[in-house]
């Protein structure tokens, strides 16, 4: 019905949208104790964060071009999609609230560290082996 003219932004309540592969979501959902975020504009400071929302289904849609490999990100886009920005593989979207960060830019890349509960090393090996088999079987 019209053109986008601008955004109304509350810089005190900005959040970050994070994409996770399907094989990572279970660990993040069930075993995360703490979340730390570093803004690209200020890599020296670590900011605490918490997961505000985990979207219930995976999607190939990308919220921003800044996450794509063409813009320096780590997610490969599907060139067959034309105008729409979609990844090759589906990802889960998480919305993080970043606390105590001087948010000066919109659409800025962030580095996120999910700190998980301690677990025996054998469980991690079993989970990694399971991922390899599921990937090789195309599941």
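Numbering (my numbering), first residue to last: 1 to 139.
Heads up, the beta-carbon is just placed ideally off N, CA and C, and yes, glycines get one too.
Check your understanding: Under the rule that 16 or more other beta-carbon atoms within 10 Å means buried, what is residue 70, buried or exposed?
Key -> By the neighbour-count rule (16 or more Cβ atoms within 10 Å), residue 70 is not buried but exposed.
Exercise for review: Throw me the rounded Cβ distance for the residue 112 and residue 17 pair, which I believe falls under 8 Å.
Suggested key: In this structure, residue 112 and residue 17 do not form a Cβ contact; the two beta carbons are roughly 11 Å apart against a cut-off of 8 Å.
Point to revise | Secondary structure of residue 97, DSSP reduced to three states | key: DSSP, reduced to helix, strand and coil, places residue 97 within a strand of the structure shown.
Check your understanding: Using DSSP with H/G/I as helix, E/B as strand and the rest coil, what is residue 126?
Key -> When secondary structure is reduced to three states using DSSP, residue 126 falls in the helix class.
Point to revise | Extent of the continuous beta strand (DSSP E) to which residue 221 belongs | key: Because the chain is modelled from 1 through 139, residue 221 falls outside the range shown and cannot be assessed.
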